[in-house]
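Read the structure below first, then the notes.
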Amino acid sequence: MVRPFSVLNVLSVLIVVLALAMLLPLGVSFMYGDAARRAYYEGVLITFVSGAALWVVTRASQAELQTRDGFLLVALVWTVLPAFAALPLIIHMPELKFTNAYFETVAALTTTGSTVLSGLDKLPPSINLWRCELQWLGGMGIIVLAVAILPLLGIGGSQIMRTETPGPMKDTKLTPRITETAKGLWLVYAIMTLACILVFKAVGMGWFDAVVHAFSTLSLGGFSSHDASFGYFNSPAIEAAAIFFMLLGGVNFGTHFLAFRRLSFAPYRRDPEAGAYVALLTTSVLGVAYFLFANNIYPSFWTALRHSAFNVVSIATTAGFASTDFNQWPIFAPVWMLFLCCFATCSGSTGGGIKMIRAELMVRQALRELMSIIHPRAYLPVKLSGQRVENNIIFAVLAFMLIWGGSVVVMTMLLAASGLDIITAFSAVIVCICNTGPGLNQVGPATTYAALSDFQTWVCTVAMLIGRLELFTLFVVVTPAFWRK
Amino acid sequence: MKIVILGAGQVGSSVAESLVSEANDITVVDIDGTRLRSLQDRLDLRTVVGSAAHPSVLLEAGIEDCDMMIAVTQSDETNLVACKLAQVLFNVPTRIVRLRATDYLSNERVLGPDCFDVDLAICPEQILTDYIVKLVEFPEALQVLEFAHGKVSLVAVRAFQGGPLVGHPLKDLRKHIPSVDTRIAAIFRSDSPILPEGDTVVQAGDEVFCLAATEDIRQVMHELRRMDKAVGRVMIAGGGNIGLRLARAIERDYAVKVIEYDKRRCEMLSTRLDRALVLQADVTDEGLLEAENVSDMDLFVAVTNDDENNIMSCLLAKRMGARRVVALINRRSYVDLLQAGQIDIAISPAQATIGTLLAHVRRGHITQVHSLRRGVAEALEAVVHGDRDSCRCVGRRIDEIDLPKGAAIAAIVRGDKVIMAHHDTVVQAEDHVIVFVTDKKLLPKVEKLFEVSVGFV
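Protein sequence lines correspond, in order, to chains D and S. All residue numbers for the first sequence refer to the numbering used here, where the first residue is 26 and numbers rise by one. All residue numbers for the second sequence refer to the numbering used here, where the first residue is 7 and numbers rise by one.
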């Protein structure tokens, strides 16, 4: 049975935390003396008061959450918090309307990074910081969601990752152990972000750019304070640094945590996804570079490799930065990049999409079916790092894939019906559901989502949310059975 | 020598059987009285019923003044406890323990003096697996044994029409392969031994034991029969302990299929094995064997717990076209019925595993003993100590050494060098001597030869 008031109580705490998080851009606003200061006063006030009021109202029903409450909490966090986070944007830019502002903050908190804003370079620094900080906070939420909560809820076969998390987590209550897990993961995330800031600064960014871009790099978000994204810097060193940290962000943070704690590389070698992830990205980068060079897009192979490396890694890890307008490349390259963003990132990372582990399981399941036709009496278990994967997990993954594919088709049809061309519609749905960022044609890296109608914007917003919450979390909350006592 | 054997299972009984015939005082302990009674009926030994891990039972078995304890019960834990008790309470000088779990074997300290203090740990399944793996590597051989840390190998090969040496006297071997130094240690013709001389003619059907440096073994076998093509596909019937170990050992280099009847066991097997294909079926299921192309198998190995199943599935596989079939057969009477018949190789688990144990039991400086032809003959490796006065071998030519008829020194390993024995080769101290004994009754005499007389300390 769900206890909505207990869930709201926890949510109210998070709203208050969000209000406190707004103090950072407020401070920056003071520092730079920019025009958005008033927006933060009001934003902090409204958010804080709402959160506090909700807390007071629901205070009586404080209780330890059960599995079922977890679904509701997760769904509410990613739908309600963006609304409050959008306050400074709406107040500062009233012409933005709620639809677009909400899209922007959902894109931030789900670490998607598709934007409706243009002229980023002229925005107050505090607004850019707020967008990127939201991505960073979203990344924090996602790590805990992906490493600790989703496996516990058993979303789409993700329970196999349970064994990978530090410490035994066999019970079904959202116990304090998650808090401990979360602290460890956040520590790793924070250390990496700090390292990223320092490296960005060292290779030539200013402090402000370094902080903002480190926030959106490790969270694989993709927001930038420049319209041209990383293309603004036009520096191979900065791109190389970004590639490195994007690659880190695409690996399971549970694995990072183990590696940090033991100070060894062994956890990466044992990780069932990391190897395939690196191998897939490396071959793709080289393949796309050769493809671009062979098609005379770039004069030298090295230039082709530089652009291929940055953009392929950026899209495949679902960060969504761009260093050049890859929409102009021959269609194979960007479509391959879109394909990668569906599968490449590891579970438990800040990346989006189906995740490498599900892709691996599906490939193995397909091979198993083939083998069992040839050898009807054979026992052919699907195995992952030497461990047998139970059939119910395979079923869960298959169901996940089916719903994922179904959602993509339905939303693509909705966008196409509302007047978008099919490439724009399909790529927009893919990049939103995978939380990547730029798509193709009208939503390509050189343009924004501002051109979409309200309806289309809402479809994309929903796509980002269901993609981030791994479909089931959101879908289960809207089933009647979930609310039945 | 007084020996206490704990456990009267397959290994226990065959150890007891081999040792009784060598004039030892044997006491066997087992928890199952009926097993002991049947053992006592056949052999001249004492039995005690009770748990092998209880000090009182051990006392009753006379462990206090025994020279050796051999713990071969079904349970690793019982064996280890008995071993520790024997050491701490009863001061038994030599303690041999059978261990199945690789966990115990993988950490040296577990068996070391500050823990269980085991003198020798044997794992019958592993020994059998090694035996069969050799047969996979050398598909022409009936048995392959290694001496002196793998430097020298002894192979048993059945001579076939078409081998260059078949129909020729042995001395021609030197003309055929002048570069290889080898020695024919013995020939068995219709189950009776012939001591090979230079003009002995090899006939088709002879079981020939040749000794050579390990890297030359293939060339020597080539003289006796046409070489088969190398093994590529192996089918293992039975996924028990041996089947699993075997499959794990060879699945990287060969295409392996394992057949197992028990569904839960199949699940376990398929989890533990990376490449081998696990099939759930009866090992004598003709339809399955056909569907899985038994006719293309280079080797079919039956290693279930059941003799009859092993024999039947091998016969079936052979008839359906498997190139070579190997069966694990416990009952000696079955083995004698079948060898050289339709089953190419019958392996007796007890005999295969017993050699390691026997090496420890033997007096003198025997470092390794291999049982051949299911225990009828033996090949042993001994280290020669002392000098011309204290030992009856050192400093003498081989034809001066007083070996009983039926025993022959086949090779000498000196440092890293392998020397094939000729009548004028002189034995030196610290040589490893490999002796081939065609009749077990000669063993005590042979062992005496390698003992150092009392004067030598």
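By construction, the Cβ of each residue, glycine as well, lies at the ideal position given by its N, Cα and C atoms.
Under the three-state reduction of DSSP, residue 251(D) is assigned to coil, being neither helix nor strand.
Comparing alpha-carbon positions, the option among 36(S), 224(S), 374(S) lying closest to residue 145(S) turns out to be 224(S). Interface annotation, residue 121(S): not in contact with chain D, CB-CB separation never under 8 Å. Note on residue 99(S): under 16 other CB atoms within 10 angstroms of its CB, so exposed under the neighbour-count rule. In this model, residue 90(D) and residue 38(D) are separated by some 14 Å (Cα to Cα). Distance from residue 107(S) to residue 101(S) at the Cβ level is roughly 18 Å; contact not present, criterion being Cβ atoms closer than 8 Å. DSSP places residue 366(D) in the uninterrupted alpha helix (DSSP H) bounded by 357-368.
According to the DSSP assignment, residue 472(D) belongs to no alpha helix (DSSP H), since it is labelled neither H nor E. Residue 112(D) and residue 106(D) have their C-alpha atoms spaced approximately 10 Å apart. Assigned with DSSP and collapsed to three states, residue 436(S) falls in coil, not helix or strand. In this structure, 19(S) is the residue among 19(S), 71(S), 63(S) with its C-alpha nearest to the C-alpha of residue 47(S).
Within 10 angstroms of the beta-carbon of residue 321(D) lie fewer than 16 other beta-carbons, which makes it exposed.
With a 10 Å radius around the Cβ and a threshold of 16 neighbouring Cβ atoms, residue 503(D) comes out exposed. In the three-state reduction of the DSSP assignment, residue 426(D) falls in the helix class.
When DSSP reads this structure, residue 216(S) sits in a beta bridge with 161(S), 190(S).
DSSP, read as helix, strand or coil, puts residue 353(D) in helix.
Between the alpha carbons of residue 298(D) and residue 167(S) lies a distance of about 57 Å.
In the three-state scheme derived from DSSP, where H, G and I count as helix and E and B as strand, residue 387(S) is classed as strand.
In this structure, the beta-carbon distance from residue 217(S) to residue 188(S) falls below 8 Å. Residue 384(S) places its beta carbon 8 Å or farther from that of residue 455(S).
Around the beta carbon of residue 287(D), a 10 Å sphere encloses fewer than 16 other beta carbons of the protein chains shown; the residue is thus reported as exposed.
Inter-residue distance for residue 246(S) and residue 221(S) is about 33 Å (C-alpha atoms, whole angstroms). Against chain S, a Cβ distance below 8 Å from residue 406(D) picks out 273, 276, 277.
Using a CB distance cut-off of 8 Å, residue 295(D) does not count as an interface residue toward chain S. In this structure residue 371(D) is not in contact with residue 456(D), their Cβ atoms being roughly 19 Å apart against a cut-off of 8 Å. A contact between stretches requires three or more CB pairs, one per stretch, nearer than 8 Å, and the region 452-467 of chain D meets this requirement with the region 335-345 of chain D.
Among the CB atoms of chain D, none fall inside 8 Å of the CB of residue 141(S). Interface criterion not met: the Cβ of residue 296(S) is under 8 Å from no Cβ in chain D. Per DSSP, the unbroken alpha helix (DSSP H) holding residue 236(D) starts and ends at 232-243.
With fewer than 16 other CB atoms across the displayed protein chains lying within 10 angstroms of its CB, residue 307(D) is exposed. If one requires a minimum length of 4 residues, the alpha helix (DSSP H) runs lying completely within the region 448-497 of chain D are 479-493, in chain order.
Proximity to residue 317(D) across 400(D), 44(D), 353(D), 464(D) peaks at 353(D), based on C-alpha coordinates. Taking 3 residues as the minimum length, the beta strand (DSSP E) runs contained wholly in the region 17-81 of chain S are 31-36, 52-55, 74-77, in order along the chain. The C-beta of residue 284(S) comes closer than 8 Å to at least one C-beta of chain D.
Taking one beta carbon from each stretch, the region 239-257 of chain D and the region 136-156 of chain D have 3 or more pairs nearer than 8 Å; the two touch. Against residue 287(S), the close residues of chain D are 402, in the order they occur along the chain (beta-carbon pairs closer than 8 Å).
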